[in-house]
Amino acid sequence: EAASSCTMGQCINGMRNEQRSVVTQTKSARGNMLRQRLGANIEEYYEILGTIGRGSIGNVCRCRHRETGRIYALKTIKTSRMSKEMVDELMNEIDILMGLDHPNIVRPLELFSRRREIFFIMPLCSGGDLYKRAPYSENDAARIVCMMVDAIDYMHQHNVVHRDIKFENVLFVSKAYESEVMVIDFGLAKANYMVKKEGKLDEFVGTLYSMAPEVIRGAYDEKCDIWSLGVVTYMLLAGAMPFTRFDDERKFLRDLEGQRYDLNRRAIAKRSEDAKNFVRSLLIANPAKRPSAARAKKHPWIIGRRRSATPTGIGKDKLRESYSEDHIAENLANYAASSNLRKIALMVVAHRADTESIRDLREAFRAIDTAGEGSITFEELRVVLERGGMAQDRIKATFDAVDHDGTGKISYTEFVAACLEGSSFALEDMLAEAFDRLDADDSGFISKENLRDILGNQFSPRLVDEMIAEGDFKKTGHVDFEEFMRLMHQNRDRIKSEADVASKPNSTD
1 EAASSCTMGQ CINGMRNEQR SVVTQTKSAR GNMLRQRLGA NIEEYYEILG
51 TIGRGSIGNV CRCRHRETGR IYALKTIKTS RMSKEMVDEL MNEIDILMGL
101 DHPNIVRPLE LFSRRREIFF IMPLCSGGDL YKRAPYSEND AARIVCMMVD
151 AIDYMHQHNV VHRDIKFENV LFVSKAYESE VMVIDFGLAK ANYMVKKEGK
201 LDEFVGTLYS MAPEVIRGAY DEKCDIWSLG VVTYMLLAGA MPFTRFDDER
251 KFLRDLEGQR YDLNRRAIAK RSEDAKNFVR SLLIANPAKR PSAARAKKHP
301 WIIGRRRSAT PTGIGKDKLR ESYSEDHIAE NLANYAASSN LRKIALMVVA
351 HRADTESIRD LREAFRAIDT AGEGSITFEE LRVVLERGGM AQDRIKATFD
401 AVDHDGTGKI SYTEFVAACL EGSSFALEDM LAEAFDRLDA DDSGFISKEN
451 LRDILGNQFS PRLVDEMIAE GDFKKTGHVD FEEFMRLMHQ NRDRIKSEAD
501 VASKPNSTD
């Protein structure tokens with residue numbers, strides 16, 4: 001499910017000719033959250049604010065959603081300046097990102113198009129790239145690398161190789177001191193690369209300073225990302241690049257293959273032996289001897305950082321009171337009891353929620369995901385729900401209800417969706433955006449066709465009929481905004497009512 005089997009390059013060719021395009025579908029509702037508006041005027045929906053960065057084929061700006069006032073990043077691409085190969089590369093990035101769901105991997109939210117231009121709405125990462133905060137303490141470097149290796153391992157587990165891991169492609173989510181980071185720019189990424197001959201790629205792509213030697217030689221696999229992570233880690237610790245003879249390709253490759261970098265100069269000489277050993281373990285010229293991302297996560301430097309920063313379990317003394325085990329158990333039980341239409345709506349909200357506003361939920365997700373795989377297994381959740389007081393006979397049903405796409409694991413977005421209503425997140429402000437995504441044809445209501453599109457392979461006529469019936473209070477065969485809001489409030493009112501009853505003294509006492 002890492003990437004859609006259909007290509008969006010065909011959609012863009014249609015855009016160029018101002019033809020109608022078919023919405024790309026992935027296998028599950030979770031992968032179909034991208035809102036596409038082909039031919040629409042973006043300025044009807046977003047106010048364009050200041051420019052963040054400029055490039056040869058477009059720029060990145062801040063923008064404000066006109067209805068909710070929420071701030072996003074807007075990536076504008078001038079297709080008139082692009083070759084067909086460049087357009088395909090761009091749409092490849094979106095196809096891949098639609099199938100990935102990890103707290104440290106950027107996600108696309110909306111796509112607009114008009115003649116000669118494509119617009120992507122993305123989460124705003126306001127903290128800048130890794131160059132912005134240099135130099136780094138060893139503790140800060142380890143914190144960043146922990147998030148990066150988790151994201152890279154997740155990509156590789158989903159059969160995606162990034163091919164351009166570097167300082168510029170890791171952004172801080174906010175300006176806060178302990179901001180999380182996001183891996184961005186999947187334009188050079190490759191999905192399903194194992195279908196290539198003997199599982200090897202051969203394109204010469206990436207950025208020279210972080211490029212693995214086998215990429216230059218022309219036969220490589222996902223281990224190229226591990227080398228690049230080693231370069232980034234070295235730069236975080238040393239404040240300099242490990243390999244710099246870019247003007248002579250033969251000498252540069254000789255430096256890479258000879259592993260000619262210096263651990264005794266600059267700031268890196270003062271770093272811990274574990275930190276330097278971690279760099280050595282990644283910058284191994286022979287990819288067969290280089291660790292996988294999963295193995296790199298077990299290095300003492302990474303494990304030590306996790307122990308010092310992340311609780312092994314979650315509880316009132318380890319995470320904020322609102323995300324203790326009992327609160328999470330309550331949230332998930334309430335979500336499990338919700339209607340299917342409400343669950344899909346909450347999935348949309350979770351997908352669009354900005355990172356900082358759900359920071360506590362992200363921390364809870366990481367604490368429960370003890371294996372660091374970017375998803376929660378049944379056993380991991382069972383431990384939490386048992387501690388939270390949930391009855392044994394309810395745990396499996398609750399897990400299955402949250403595992404919306406039936407993968408046997410709870411994804412990041414699924415977990416956030418299940419916990420939103422019990423959090424401090426301003427859910428009400430996002431409901432209009434959720435309705436807008438579900439009303440994909442801008443008809444003013446949610447139709448059966450809209451639900452078929454977003455459900456993907458989870459679609460069945462019976463399920464769609466049931467979902468419409470859940471919110472069709474006026475018996476019109478569809479759900480308008482008023483009905484949608486009524487449905488979304490029903491469960492919240494029920495939860496509040498039950499809480500009020502529970503808080504009252506027992507009259508028989």
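Residue 1 is where the sequence shown starts when you use UniProt numbering, and the numbers rise one by one after that.
Ideal Cβ positions, reconstructed from N, Cα and C, are used throughout, including at glycine.
- DSSP places Ala73 in the uninterrupted beta strand (DSSP E) bounded by 71-78.
- Taken atom to atom, the span from the alpha-carbon of Arg266 to that of Gly372 is near 32 Å.
- Taken through DSSP and simplified to helix, strand or coil, Tyr220 comes out as strand.
- Nearest in C-alpha terms to Arg342, of all of Ala418, Asp369, Ala288, Phe120, is Ala418.
- Under the three-state reduction of DSSP, Ala296 is assigned to helix.
- Counting C-beta atoms within 10 angstroms of its own C-beta, Pro103 has 16 or more neighbours from the protein chains shown and is therefore classed as buried.
- Under the DSSP assignment, Gly406 falls outside any alpha helix (DSSP H); it carries neither an H nor an E label.
- Counting C-beta atoms within 10 angstroms of its own C-beta, Gly99 has 16 or more neighbours from the protein chains shown and is therefore classed as buried.
- Spanning the alpha carbons of Asn169 and Val348 requires a straight line of approximately 26 Å.
- Inside the segment 144-217, DSSP marks whole alpha helix (DSSP H) runs of 4 or more residues at positions 213-217, from first to last along the chain.
- Sequence-distant partners of Leu124 (beyond 5 residues in either direction) whose C-beta falls short of 6 Å from its own C-beta, in its chain, are Ile71, Tyr72, Ala73.
- Per DSSP, the unbroken alpha helix (DSSP H) holding Thr413 starts and ends at 412-419.
- Only buried fits Gly388, as 16 or more other CB atoms lie within 10 angstroms of its CB.
- Cβ contact annotation for Ile454 (same chain, cutoff 6 Å, sequence separation greater than five): Ala29, Asn32, in chain order.
- Listed in chain order, the non-local C-beta contacts of Arg66 below 8 Å within the same chain comprise Glu44, Tyr45, Tyr46, Glu47, local neighbours out to five positions each way being set aside.
- Excluding five sequence positions before and after Glu89, the CB atoms of its chain that fall closer than 8 Å to its own CB belong to Gly187, Leu188, given in chain order.
- Annotation: Asn192 to Glu482 spans about 43 Å, alpha carbon to alpha carbon.
- Excluding five sequence positions before and after Arg37, the CB atoms of its chain that fall closer than 6 Å to its own CB belong to Phe112, given in chain order.
- Put simply, the backbone Cα of Arg81 is about 27 Å away from that of Tyr209.
- By the criterion of at least three beta-carbon pairs nearer than 8 Å, the segment 354-366 is in contact with the segment 170-180.
- For the pair Arg217 and Ile165, the Cα-to-Cα distance works out to about 18 Å.
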